[in-house]
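Peer 1:
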Amino acid sequence: MNSSNSATANNKITSKLARGIISARWFILVAFVIALTGLGFYINQFRIDASADTLLVKDNKLYIQTQVADQTFNPQEFILLAYQPKGHELFSRQTFDDIEMLSARIKQIDRVEAVTSIINVPLINDTSALTGDTSVDSLTWENQRYSPAQMKQLIVGHPIFTDLLVNRQGTATGMQIVFKDNPELVRINNEITNIQKKVLKGEALSEEDNARIASLQQQADPIRQQLTETRKQEIAQIEEITQSVATRANTYLGGAYVVGQHLIDIIKSDLMTFGSAIAAVIILLLALLYRSFKWVFFPLLSCSVSVFLTMSLFGFLDMRTTVISANFVALQLILTLAVMIHIIGSYREISRDNPDFSQRQRIIATLEDKLSPCFYATLTTSVGFGSLIFSGLQPVVAFGWMMLMSMLITMAVSLLLFPALLSFLPASKETTEYRFITGFLAATRKLSLKAPLAVSAAVLALFVVAALGISRLNVENSFINYFDTDTQIHQELAFIDREFGGSTALDIVLKLDDENADGEVVLNANTVAQLQLAQAAIKAFEATGSVTSVVNFTELAKQLNGGRPLTEYELNTIYVLLDEKVVNQLVGAYFSEADNTFRISTRIQDTTEGLNRQQFMDQLNSDLQAVGLEKDQYQLTSLFVLYQDILSRLFDSQIKTLGIVYAVLAVVLFAIFRSIKVTFIALLPNVLTTLGILGVVGWAGISLDIMTITIAAIAMGIAVDDTIHFLHSYLQGMKSSDGKTATAGSESAFGHSGLAILFTSVIIATGFSLFGFSDFLPSVYFGLLTALAMLFALFTDLTLLPALLNRFVGNRKSAKAE
Amino acid sequence: MQVSKSSALALCFLILGGCASAPQNTAKSTAEVNSVQAPKEPELASELARGEKVTVQTSQGPIEIEPTVVAIGDGGQPGTEQGGEPVYNDPWEGFNRAMFSFNNVSYRYVLIPLSDGYKFVVPGVVRDKIGNAFDNLREPLNLVNNTVSGEFSHAGSNLGRFLINSTIGLLGLFDPAEAWFDIAPQKQTIANTLQDYDITSGPYLVIPILGPSDTRGAFSTLTEGFVHPVNYIADPPERYQLRMFDGLDDFSEQSDIYQQLYDQADDPYIYFRNQYIQGQRRDELFELSDSEQQNNE
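Chains as they are written, first to last, in the numbering used here: chain A, 1 to 818; chain B, 819 to 1115.
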């Protein structure tokens, strides 16, 4: 079918290449064996680094500001353990005993520095406690054995401990497990921050600076990895310890580090589970479609080789998989397979048409037919992934690079190794294709031939409606909502989030003039008043959980002082009289005397209904200014701001990546088909597919986040493969016919590529939809939406594309004349 | 000698929270503007710092904030002291500074060593009981002051406490009135009484040995020196010893604090003066809300 037409320069090259590949089959085989054994060593170094930290964009101002604030206030790493009694009163002997026991056991964990709980914090009734002989430190339950009623009176509504050690309703108590810093890591981080600080002053980093940072990062890396491992063990240990009270109380573990740890666990297990599940589905579908051992074994072997090589390469290059890129195994399996299905389809057709061909002839004919469309198809897929490099979001950029590399490997495996392997097989008879499938294809072909304009209009209208959903797109990011609501992880995190002051940290760092006119007091009344105003403004939001700063201490002092405010001198007197160490412990995290800076620390409740994070940030900024702060007097820092910064760039980034994909694909398509008209026609179904997917995301109310933002570009990259195969066959069919008729082109396209397109789409869609079973919602969305994108692409490629080709490219008149 | 008694009163304001006390204010005349160039602070924060509740309109609706730390000077009623730093009414600074230095030397070389000795000899629990006893001796004076001020229920408390603590409480060594009968102390000095009659505090005044006060406070202290109930239960020589003992008892709790504060201040005179005046003005401003609270209870 394909070799009869006049050989163009392109075809000559293709056929030369095809022959070359077969001649060099031994060489190819050996090369792959060498690559496998050579790189294979590094597969052990393949790492998953799924900490929430990897989601951050690190070279910007906000990140450095956050680092500087951490350096100044040195907030310690902690996780929260909540204890909620099942049958007994919260303030009871049983609770105190349980907490005492849990604390003692948790404290034995190496890295735990302290366990702060209601039984070991000083509880003060009035000011006499501060001036008497007894030291404040001894006014704890542990020392005083207060009665349950006294404890209740002392703790519920406490200005400092509410939201931290007791929930607002007084039905559960929290234990703050504080971990020791790793001094080496702190030193390295400080050094890095000190270099990066330059950026805040508007200076650029020199070559030397960057080199120094890189070498410091390298030093820090093993420590960080060790830390991740240790944290994992610690969480397991704590969970085991809490089991001992499981009969009497519910316990919940939460906090940023716990979220991070759960992310790592779920991604690791997803990588394994869905990698193998997709492999299984692939086997099943291949067996079903081709009913032949070799068409199961060899594609699978090739897929495994490409995944193995890619993982080894990532190990060798020390590229780490993050939350975003964790799906690469599934992606690569499917993409490699897609290429091979086209090759297999062509091979089977050639074998059936020319049963007397030798294996060598069959493969050469297959390659001549499929080498260029397959090459272009993988190229366009690479363009889809490559566009992510320009997203401006570090983790997405890294994902783009990783997928580019895996596409290179996929190309090599499917176009070199796979045919080389096949050439060692004997030529055998191929099974026929299913009737109902070919029947279906014939029906759509006729429809698009008969009424090209009507079909085009209908498809267009359909997608316009879908695309309207784009206006409903929103951006949100809630780590807790990443986990399925039915999972225990979600329930634990949500409990801590709701009852114990939120999850994602947001710090407000204020630089205030902190001396009174006489210069006698460290903290003057105006400063405290300003802080109080800021804190009240922050607290007014429903989404802010615990809010802590120096103000909580002045509130406590006021409460102890019979509800009367202190004077600034009295406050200073307390400050002077307290032990320096105690001062540091109490307010060191909120007030830096040396830098004149204050920190109001809050955690945002991710479970807040209908929280619009961008609006929250805008309102917070305007409220802070409404209470009298100048813009340059405060900074918002910490995780929440960093994530929000990423979210605020998502729309831009989405538009930019899609724009690049459209533009580059237009160029590639033009290079392949050398016609503006064809390029436009080829592009249209794919543009519709991506807009349709974004529309569905909007209609479904799914938030765009750093994970879902990658879907559109990826979908485009994959979907365009089908278009290229279809177009290629169509044009070849048209050329081979006398009058360059649409009928001939359409027949060739549907008969030749239609089946392969259908198969790949079904396999890819089925494979990705498996992610629907994940507990990790970004994976669910990713899987289902990509599957949907494939079906959209299949639909447009079988309806709109042929309709447009028939109407605008194929010669309809001569078709009738024939 | 006699005066050493109420160094307690003077240093009382070092205790955080200060004792409830003191006069109704406004010294319009001699306000010496001590504050240097006031740094420009936003309006809301200064209002709050002057002890006013403020309400701010935010995106989440109006929020009301009550002060936790205040700086109120002698500049007048809240609202009249616009922006800037508190004003301190200290026309006699020359004299006051001299007296302050004299006091400091006395504290360092006489009172503190004495009170250290006292602390060394008398254990904490006993010091506590002795404190109770002296507080008990004060009750009749509180009673008179409360009666004159028209605070009859407080006066009733004074009477009840005096009767209970002097008898069951073993001459006031213990405080069963509060522990068993829930009768809280209601201290009232002559200064409080004068304040109730709208006598203003007058300029700042450092009293020998007793330290920071004002004209009204000084009058109160001196008068109380003569009418203190101790005068009626002992003959002169013992009496003076007892009074001194009383002062020492209070001072022993404060001497460490005094030294620490003195050492950390850039200008100790200013530090103690401002602390005293701010505490007084705060007490005046928040007394009302305090009694309102009691009424609500």
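By construction, the Cβ of each residue, glycine as well, lies at the ideal position given by its N, Cα and C atoms.
These numbers were taken from a predicted model, which means no experiment stands behind them.
Identify every run of the beta strand (DSSP E) within the segment 144-190 of chain A, keeping only runs that are complete inside it and at least 3 residues long; order them along the chain.
Peer 2: The segment 144-190 of chain A contains these whole beta strand (DSSP E) runs: 173-179.
Peer 1: Quick one: Cα of A1083 (chain B) to Cα of I1095 (chain B), how far?
Peer 2: The straight-line gap from Cα to Cα measures roughly 16 Å.
Peer 1: Give a yes or no on whether the minimum CB-CB distance between Y1087 (chain B) and chain A is below 7 Å.
Peer 2: With 7 Å as the cut-off, Y1087 (chain B) does not count as an interface residue toward chain A.
Peer 1: Going by the CB atoms, is the gap between L684 (chain A) and V819 (chain A) shorter than 7 Å?
Peer 2: This structure gives no information on residue 819 (chain A), because the portion of chain A shown stretches from 1 to 818.
Peer 1: Is it a yes or a no for the segment 438-455 of chain A touching the segment 744-751 of chain A, going by three-plus beta-carbon pairs under 8 Å?
Peer 2: Yes, since at least three Cβ pairs between the segment 438-455 of chain A and the segment 744-751 of chain A fall closer than 8 Å, the two stretches touch.
Peer 1: 7 Å is my cut-off, CB to CB: does L571 (chain A) come that close to chain B?
Peer 2: For L571 (chain A), the answer is yes, since a Cβ of chain B falls inside 7 Å of its Cβ.
Peer 1: Do you know how far the Cα of I948 (chain B) is from the Cα of A1052 (chain B)?
Peer 2: Per-residue confidence for A1052 (chain B) stands at a pLDDT of 46, beneath the threshold of 50, marking its modelled position as unreliable; no derived number is given.
Peer 1: Just to check my reading of the structure: T607 (chain A) and R472 (chain A) have Cβ atoms closer than 8 Å, yes? What is that Cβ distance to the nearest angstrom?
Peer 2: In fact, because the Cβ distance is near 22 Å, the residues do not count as touching under 8 Å.
Peer 1: Taking C-alpha atoms, which residue in A:L785, A:S737, A:I672 lies nearest to T710 (chain A)?
Peer 2: Of the candidates A:L785, A:S737, A:I672, the one whose C-alpha sits nearest the C-alpha of T710 (chain A) is A:L785.
Peer 1: Along the chain, where does the alpha helix (DSSP H) containing Y376 (chain A) start, and where does it finish?
Peer 2: Per DSSP, Y376 (chain A) belongs to the alpha helix (DSSP H) from 359-386.
Peer 1: With a threshold of 7 Å between beta-carbons, can V923 (chain B) be considered close to chain A, or not?
Peer 2: False, the Cβ-Cβ gap to chain A never drops below 7 Å.
Peer 1: Kindly indicate which three-state DSSP category P1026 (chain B) falls into: helix, strand or coil?
Peer 2: If DSSP states are grouped into helix, strand and coil, P1026 (chain B) belongs with coil.
Peer 1: Name the residue from B:L862, B:E865, B:R868, B:S877 whose alpha carbon lies nearest to the alpha carbon of A540 (chain A).
Peer 2: Measuring from the Cα of A540 (chain A), the nearest candidate turns out to be B:S877.
Peer 1: Do the segment 911-926 of chain B and the segment 1020-1035 of chain B meet, that is, are 3 or more Cβ pairs less than 8 Å apart?
Peer 2: The answer is yes - the segment 1020-1035 of chain B touches the segment 911-926 of chain B, with three or more Cβ pairs under 8 Å.
Peer 1: Under 8 Å Cβ to Cβ from T723 (chain A), same chain only, skipping five residues before and after it: list those, please.
Peer 2: If we look at T723 (chain A) and ignore the five residues flanking it on each side, its Cβ neighbours are A682, P685, N686, A793, D797, L801.
Peer 1: How many angstroms separate the CA atom of E1056 (chain B) from the CA atom of F553 (chain A)?
Peer 2: Because E1056 (chain B) sits at a pLDDT of 48, beneath the cut-off of 50, its placement in the model cannot be relied upon, and the point is left open.
Peer 1: Within the segment 562-625 of chain A, note down every full alpha helix (DSSP H) run reaching 4 residues or more, in order along the chain.
Peer 2: With a minimum length of 4 residues, the continuous alpha helix (DSSP H) runs that stay inside the segment 562-625 of chain A are 568-577, 580-587.
Peer 1: I106 (chain A) and V115 (chain A) look like a contact to me (Cβ under 8 Å); what is the Cβ gap, rounded to whole Å?
Peer 2: Contact holds; Cβ gap of about 5 Å.
Peer 1: Using a cut-off of 7 Å between C-beta atoms, extract the partners of V528 (chain A) located in chain B.
Peer 2: The answer, in chain order, is T886, V887.
Peer 1: Consult DSSP for I235 (chain A) and reduce its assignment to one of helix, strand or coil.
Peer 2: Looking at I235 (chain A) - three-state DSSP - the assignment turns out to be helix.
Peer 1: Along the alpha helix (DSSP H) that carries G695 (chain A), what are the first and last residues, could you check?
Peer 2: Here the alpha helix (DSSP H) through G695 (chain A) covers 676-699.
Peer 1: Mapping DSSP to helix, strand and coil, what is Q71 (chain A)?
Peer 2: It is helical.
Peer 1: Does any residue of chain A have a CB that is nearer than 7 Å to the CB of R979 (chain B)?
Peer 2: Cβ-Cβ to chain A under 7 Å: no for R979 (chain B).
Peer 1: Buried or exposed for F73 (chain A), going by 16 or more other Cβ atoms inside 10 Å?
Peer 2: Under this definition F73 (chain A) is a buried residue.
Peer 1: CA-CA distance, F96 (chain A) and L90 (chain A)?
Peer 2: So the alpha carbons of these two residues sit roughly 9 Å apart.
Peer 1: Please classify Y1087 (chain B) as buried or exposed, where buried requires at least 16 other C-beta atoms within 10 Å of its C-beta.
Peer 2: Buried: at least 16 other Cβ atoms inside 10 Å.
Peer 1: Spatial neighbours of I604 (chain A) within its chain, please: C-beta separation below 6 Å, excluding the five flanking residues on both sides.
Peer 2: Once the five neighbours on either side are set aside, the close Cβ partners of I604 (chain A) are G502, T504, L506, A543, F640.
Peer 1: Going by beta carbon distance, what residues of the same chain come within less than 7 Å of A889 (chain B), once the five residues before and after it are set aside?
Peer 2: Excluding sequence neighbours, A889 (chain B) sits near A867, P904, Q1096.
Peer 1: Could you tell me which chain A residues have their CB closer than 7 Å to the CB of L1079 (chain B), listed as they occur along the chain?
Peer 2: In chain order: T573, V576.
Peer 1: Distance check for G891 (chain B) and T848 (chain B), CA to CA, integer angstroms please.
Peer 2: Because T848 (chain B) sits at a pLDDT of 33, beneath the cut-off of 50, its placement in the model cannot be relied upon, and the following sentence gives the value as read from the coordinates. Cα to Cα, the separation comes out at about 13 Å.
Peer 1: What does the alpha-carbon distance come out to for the pair C374 (chain A) and M407 (chain A)?
Peer 2: Answer to the nearest angstrom: the Cα atoms are 12 Å apart.
Peer 1: Run through chain B and tell me which residues come within less than 7 Å of V547 (chain A), C-beta to C-beta.
Peer 2: By Cβ distance, chain B contributes nothing, its closest Cβ being about 13 Å from V547 (chain A), past 7 Å.
Peer 1: Check whether the Cβ atoms of L388 (chain A) and A712 (chain A) sit closer than 7 Å, and answer yes or no.
Peer 2: Not a contact, by the Cβ cut-off of 7 Å.
Peer 1: Check F541 (chain A) in the structure and name its three-state DSSP category.
Peer 2: Coil, per DSSP.
Peer 1: Do you know how far the Cα of D98 (chain A) is from the Cα of I241 (chain A)?
Peer 2: If you take the alpha carbons of I241 (chain A) and D98 (chain A), they lie about 11 Å apart.
Peer 1: Buried or exposed for E208 (chain A), going by 16 or more other Cβ atoms inside 10 Å?
Peer 2: Per the 10 Å Cβ criterion, exposed.
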